[in-house]
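Q: Residue numbers (UniProt numbering): 1 to 110. Shown below is the structure under consideration.
Structure representation (structure tokens):
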């Protein structure tokens with residue numbers, strides 16, 4: 001399935017943000033393009049711990065901040081088990097994945 005990506009070459013910097021402060025990997029995550037995310041993480045093009053928007057959150061924090069469901073749980077498991085994310089990484093306000101997970105839990109399970 002990923003064969004078509006091997007031939008794609010671009011000058012896009014995957015750490016740059018768009019006018020909304022989002023990196024390409026953040027946008028891909030929000031659109032559910034897991035294959036793209038796995039590809040660039042496997043190839044070490046982007047590290048799972050790198051901030052994906054202008055607030056400093058990384059992919060793990062992003063997964064923890066979304067409504068809990070099987071899709072986001074699978075993403076989180078992938079980041080932890082397969083790509084060895086650092087759960088102690090924080091956003092620019094000092095919040096880590098656990099903080100976001102607890103906020104999300106409180107928000108969706110009142």
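Positions of the beta carbon are idealized from the N, C-alpha and C atoms, including for glycine. Owing to the predicted nature of the structure, the values given are computational and were not obtained by experimental measurement.
Alpha carbons only, please: which of 66, 60, 39 is nearest the one belonging to residue 85?
A: Ranking the options by Cα distance to residue 85, first place goes to 60.
Q: When the distance is taken between beta carbons, is residue 72 closer than 8 Å to residue 78?
A: Not a contact, by the Cβ cut-off of 8 Å.
Q: Identify the continuous alpha helix (DSSP H) that holds residue 17 and give its terminal residues.
A: That residue, residue 17, is in no alpha helix (DSSP H); it is neither H nor E in DSSP.
Q: Pull the bridge partners of residue 73 from the DSSP assignment, please.
A: In DSSP, residue 73 forms no bridge with anything.
Q: Assign residue 102 to one of two classes, buried (16 or more other C-beta atoms within 10 Å of its C-beta) or exposed (fewer than that).
A: Flag for residue 102 reads exposed.
Q: Going straight from the alpha carbon of residue 68 to that of residue 104, what length do you get?
A: Those two C-alpha atoms are separated by around 8 Å.
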